[in-house]
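Taken in sequence, the protein lines are chains A, B, C and D.
Take 1 as the starting number for the first sequence in my numbering and just add one per residue.
Take 1001 as the starting number for the second sequence in my numbering and just add one per residue.
Take 2001 as the starting number for the third sequence in my numbering and just add one per residue.
Take 3001 as the starting number for the fourth sequence in my numbering and just add one per residue.
Glycine is no exception: its CB is placed at the ideal position from the N, C-alpha and C atoms.
Reviewing the structure listed below.
There are 4 protein chains.
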Amino acid sequence: MIIILRSHATEEEIQSVVGRIKELGLTPHLSQGTEKTVIGVIGDDRIVRRENFALLPGVDEVIPILKPYKLASREFRPNDTVVDVAGSKIGGKELVVIAGPCSVESEEQLLETAARVRQAGATLLRGGAYKPRTSPYAFQGLGEDGLRLLAQAREKTGLGIVTEVMESSEVEIVADYADMLQVGARNMHNTKLLRSLSKVNKPILLKRNFSATLNEFLMSAEYLLAGGNDRVVLCERGIRTFVEYTRNTLDLNIVPAVKKLSHLPIIVDPSHGTGRQDLVLPMSRAAIAAGADGLIVEVHPNPAEAFSDGEQSLTPDKFQELMKDVRRIAAAVGRK
Amino acid sequence: MIIILRSHATEEEIQSVVGRIKELGLTPHLSQGTEKTVIGVIGDDRIVRRENFALLPGVDEVIPILKPYKLASREFRPNDTVVDVAGSKIGGKELVVIAGPCSVESEEQLLETAARVRQAGATLLRGGAYKPRTSPYAFQGLGEDGLRLLAQAREKTGLGIVTEVMESSEVEIVADYADMLQVGARNMHNTKLLRSLSKVNKPILLKRNFSATLNEFLMSAEYLLAGGNDRVVLCERGIRTFVEYTRNTLDLNIVPAVKKLSHLPIIVDPSHGTGRQDLVLPMSRAAIAAGADGLIVEVHPNPAEAFSDGEQSLTPDKFQELMKDVRRIAAAVGRK
Amino acid sequence: MIIILRSHATEEEIQSVVGRIKELGLTPHLSQGTEKTVIGVIGDDRIVRRENFALLPGVDEVIPILKPYKLASREFRPNDTVVDVAGSKIGGKELVVIAGPCSVESEEQLLETAARVRQAGATLLRGGAYKPRTSPYAFQGLGEDGLRLLAQAREKTGLGIVTEVMESSEVEIVADYADMLQVGARNMHNTKLLRSLSKVNKPILLKRNFSATLNEFLMSAEYLLAGGNDRVVLCERGIRTFVEYTRNTLDLNIVPAVKKLSHLPIIVDPSHGTGRQDLVLPMSRAAIAAGADGLIVEVHPNPAEAFSDGEQSLTPDKFQELMKDVRRIAAAVGRK
Amino acid sequence: MIIILRSHATEEEIQSVVGRIKELGLTPHLSQGTEKTVIGVIGDDRIVRRENFALLPGVDEVIPILKPYKLASREFRPNDTVVDVAGSKIGGKELVVIAGPCSVESEEQLLETAARVRQAGATLLRGGAYKPRTSPYAFQGLGEDGLRLLAQAREKTGLGIVTEVMESSEVEIVADYADMLQVGARNMHNTKLLRSLSKVNKPILLKRNFSATLNEFLMSAEYLLAGGNDRVVLCERGIRTFVEYTRNTLDLNIVPAVKKLSHLPIIVDPSHGTGRQDLVLPMSRAAIAAGADGLIVEVHPNPAEAFSDGEQSLTPDKFQELMKDVRRIAAAVGRK
């Protein structure tokens, strides 16, 4: 931690900061500049709060120098983590594509989609049974019936199941059916849910909140890792900016940034990330080219009739085209 | 709903859209412009999804014209809603100030703060027992012990209690102790929690998520109203922007906007909104001048020692000064 | 400047950074933490570029500790600067209100507006002769004819004239007519224009770009001050965020922030800041309550017929109401 | 244009809007819904201002339905525009890479960089002679001396020259030396400059302002096209968001969006877009995969010594690696 004093801090103020640092069992290190005095604090300042110093007289700014996450950092674990989800290995040389409808709507809709995405090369099936919706008047998901349909689709197609869990009280039931539990973007900051999931023996797909910084994203992963679950896959799905043409602004920059700072795998959701089916293909290609470990894509047999997110869903034919594109880019970046 | 067709939409495409509208039991209304054909849809299009039309051939854009919220709108209820919280009436002529520490830390800290804020003129006491924190290594709140301390403070001071509930499973226990239940900014989109709270017989303080639009904010209120709880107070607490000097950007513009569009009261949290104690006073004055129905302010007997949010907490002395400022502004805008 | 080394920086890497600092005539100051080594650099590091260190092997981050501006800082000049514009003193105890149409459209429109705003209490008249417009097909201003009309309005009413200059080649002609030259938000980063204006003997109204940070805003002021013109008034006029209800998000937080960090006066433009005439009054009150030194407000005798910005313009009657409100708030915060 | 009336608009109010539309020579088209009355306006409403209606009594909202740009739209010109810059064809099947230093610093620096980037496959040389800098104390460019060095580099290497022009008064001199004139991000809204450039017989590289929407970006291009210069290449270079890890947020989503809405070519600047040399390679790959027509990349023989932007500059070796990567991706998307 670096403590910067005001230009005209008195000797007394400086000594009071120094004294405070020593009280906490840490070692102060003074640098007296021509304009400012700066005090470095030696010791694990992750446990010391900025407030301990920021409000002392004479202090201008307190700058933390350690990253707030530890277990999620590449410094802690230098090698890439590979997460196995029903046989699909996310984070390895092979790219993994998760596909399926936004919401599970009916047996017919789900089974048709599952068959088609499997045929095109997806290995995991997505589908929402519990849906967080902006409007109380919108379709909220089939609940456990939806989970049962997902399990049925797995049986018929062999695809592993990825589905969202919205509350800690539902973790158990969702874990009974799913192969991977998804934390939705709106729940990335839900620490109760993260704690519950850190105790479950299933891999987690952690979506970035649409206004989360990189640090906050990795801190949510840290909740899972700190609780004992290290099968965590990150997912970029668009951030909220002033841009209005796309529903969100897919932030692919975070892909190489995560690769540098963390050992965790990261996939990309171009469907929510753009909110427009006509941008899903180019942005899927871009995601793979940027280094993503896979994709999660919304596919619906008849997007115009979808109960939710139809505007960003691909038809199965379009999804097949996407898979061809992705294979070509994957080869160009040395992946499969 | 307004459906705008592409410049060169064919007659067949136009007829297919028209047919679809009729199928749904709605009435189409065609306007053929020189460059574009526009179709108005007559009927309650809140139940019709954009997807039903956005993906039809020839369609360029679909623009909803009804506001998505109904019960929260001023059109639905023209008069201001006044919410009674343990005798404090939020939304009436009198301003209400909620004050207290970010976290309940100890009996001594809480009782001292409560006594001081009451003396200065606050009528409700805030204090977190369950805390959502970015870091798993940070203090997470005292839980039910914290609730007990809050109840004790109420007994001693007569202040009503406002405290956060983080999950639907905790609604009952928090409701047992508190006079008003707070939905934190990170939970504004938590529809499970909102549904639970819509069934509880207590007023709700609903904080705006730091990246929520006005529509989304009112839609979260709509969840509460639609479920049967109409004792809802909105709270602006800062949004996330590119600005870095303040922790968040307090968006006071939403105060008169809410007053225009909704009948619900709205208060302002200048502590989280700015993240800096030195901005709390001027922004409190500004909030009242903009028309807010009250404030929620963090106060701590010793901010430098606070377990959380110390940098934005006022000392009791500073809070007393704030109350004086607020009284003067209140008088200038014809309130008390 | 603080240089943070990577966790496993070698002794050689550390020495190379130290060597580099000495080469530049500065003094390094080492702090060896348990996890990180931190090097403080003593000396005026405003002249040293981050790049000199950021790319050296072993370096993780470089954090500047001096503010980039000097002449604009309160440390440089502790007392408030008061800028005299045709007799109106901006930055003193008295609030100054600048009012008038977005564009100068005609003699009649301008003179009527001028007479009405003067009557209501404004002391300076705004009006655009050169207009930066998003569309090449929109009205671009009357040019020098507009300037002449402004001078005529000054003669008739005694109001000082504030008008925008868009390019360094026009500085001379605009300065011939105006009492204060305005740098529009789109030109805040136009360093050529700022340099020209730093040599002119007129006060400058510098509007914040809609995506400028506080540092960038003060650095644009620094261009003016460094070139020799210290009659600078800052103006907040709304920033670009994800919010869609208002055209911009008026960021009042910057008012007390500027007051703390700089000696320069700051006024607020609630017309552009919100883009909605129905929000101009409450946000004007809020601006004054937050500590602004004045307002700049768009007024048009017939907003529905305005050539530009009609939606955010007040009628003269509404402006009169605003002045009453502002007087009450001014009194409440001890100003006139 | 669609005019939405308030819920309880009176017949008189409706008729007044209708009357106004007819006055302007346009045709109104009424749709009376159960809750709202909506009036469509038939005719080129690009020339009619929203204000004409937004402020009439009874009007709730005015929604434009025509895109504000015309010449820049794909509807106006369905085929891709290809811009020839000194023999490099931007917008065709072949990708074009522009590379070089941020600033022209010296003959040696420029010639070495030019030779190296040419060898690696770039066909155009970038380099700033006039530099817009945030700080008045920073290096502001060599001016005409810089232009001369660029011309010298062209002679030696055959590379075409791309350089920034900052003000209309400098258009002539820069056009004397350069093969393509760049409008920097800070000048995208500078309508005086755009007008001058619309009359010059050279291709223009138009960079997106860091807070420009897609509409605003295309409207700046419209200024150039409307003035008669249709050799316009767009350039995405990162937008300003809340994200702090990267200097800007490179918004690749705009690439396929521009391809859909406009006929103009678009290239990507991953150097400014990310501000970090370690992200330039992955984001260059992603840009090409998303459909960009080329790249503009900062290269410096010794980034740690660069006068500006060193942190985001590649070494010539790293640039060579980038060109290899790009070739592979280009092949995968069917380009060269």
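Residues that residue i bridges to, as DSSP identifies them
i: I1003 (chain B); result: B:I1039 and B:V1062
i: V183 (chain A); result: A:L206
i: C2235 (chain C); result: C:K2207 and C:I2267
i: P2301 (chain C); result: Beta-bridge pairing links P2301 (chain C) to no other residue.
i: P132 (chain A); result: Answer by DSSP bridge pairing: none, since P132 (chain A) is not bridged.
i: L1024 (chain B); result: For L1024 (chain B), which the question treats as bridged, DSSP gives no partner whatsoever.
i: I254 (chain A); result: Beta-bridge pairing links I254 (chain A) to no other residue.
i: K2324 (chain C); result: K2324 (chain C) pairs with nothing; no bridge assigned.
i: L1124 (chain B); result: B:I1098 and B:G1160
CB of residue i within 8 Å of CB of residue j, strictly
i: S103 (chain A); j: F139 (chain A); result: yes
i: V2280 (chain C); j: L2314 (chain C); result: yes
i: I3288 (chain D); j: A3331 (chain D); result: no
i: E1051 (chain B); j: A86 (chain A); result: no
i: L2252 (chain C); j: A2290 (chain C); result: yes
i: T2213 (chain C); j: E1244 (chain B); result: yes
i: R3208 (chain D); j: A3185 (chain D); result: yes
i: V3038 (chain D); j: M3001 (chain D); result: no
i: V117 (chain A); j: A99 (chain A); result: yes
i: P2136 (chain C); j: E3094 (chain D); result: no
i: V3017 (chain D); j: F3076 (chain D); result: no
Other residues of its chain near residue i: CB distance less than 7 Å, five sequence neighbours each side excluded
i: A2153 (chain C); result: L2110, L2111, A2114, L2125 and L2159
i: P2256 (chain C); result: A2290 and G2291
i: M3219 (chain D); result: P3068 and Y3069
Selection from the options that minimises the alpha carbon distance to residue i
i: V3171 (chain D); options: D:L3147, D:K3156, D:Q3320 and D:A3054; result: D:L3147
i: L1295 (chain B); options: B:A1221, B:H1029, B:V1174 and B:K1089; result: B:K1089
i: K3036 (chain D); options: B:I1065, B:H1029, B:A1120 and B:P1203; result: B:I1065
i: L2055 (chain C); options: D:Q3320, D:P3301 and D:V3333; result: D:P3301
i: E1321 (chain B); options: B:G1334, B:S1308, B:V1174 and B:S1284; result: B:S1284
i: I3096 (chain D); options: D:M3219, D:A3122, D:F3076 and D:K3260; result: Rather than Ile, the amino acid found at residue 3096 (chain D) in this sequence is Val. The option with the nearest alpha carbon to V3096 (chain D) is D:A3122.
i: I2063 (chain C); options: A:I4, A:G334 and A:L261; result: A:I4
i: L2206 (chain C); options: C:L2250, C:V2258 and C:I2266; result: C:I2266
i: G3127 (chain D); options: D:V3162, D:H3189, D:T3027 and D:E3155; result: D:V3162
Distance, residue j Cα to residue i Cα
i: H275 (chain A); j: D60 (chain A); result: For clarity, residue 275 (chain A) is Gly in the given sequence; the question names His instead. Cα to Cα, G275 (chain A) sits roughly 43 Å from D60 (chain A).
i: L2071 (chain C); j: D269 (chain A); result: 48 Å
i: R2049 (chain C); j: P101 (chain A); result: 51 Å
i: K3199 (chain D); j: F3217 (chain D); result: 19 Å
i: A3129 (chain D); j: E3298 (chain D); result: 14 Å
i: A286 (chain A); j: K324 (chain A); result: 14 Å
i: D1080 (chain B); j: S1073 (chain B); result: 11 Å
i: L193 (chain A); j: A3292 (chain D); result: 41 Å
i: E2012 (chain C); j: R3247 (chain D); result: 30 Å
i: R2195 (chain C); j: M2166 (chain C); result: 13 Å
i: Q2119 (chain C); j: I2173 (chain C); result: 29 Å
i: R2327 (chain C); j: G2334 (chain C); result: 10 Å
i: F349 (chain A); j: I1239 (chain B); result: No answer is possible for residue 349 (chain A): it lies beyond the span of chain A, which begins at 1 and ends at 336.
i: H3272 (chain D); j: T2249 (chain C); result: 26 Å
8 Å CB neighbourhood of residue i in its chain, flanking five on each side removed
i: I1978 (chain C); result: One cannot answer for residue 1978 (chain C) here, as it falls past the ends of chain C, which runs 2001 to 2336.
i: S1031 (chain B); result: T1037, V1038, I1039 and G1040
Near the ligand COA: residue i beta-carbon under 7 Å from a heavy atom
i: S1168 (chain B); result: Questions concerning the ligand COA fall outside what the structure shown contains, since it holds no ligand whatsoever.
Residues of its chain near residue i, where Cβ-Cβ distance is below 6 Å and the 5 sequence neighbours each way are ignored
i: K131 (chain A); result: S103, Q140 and G141
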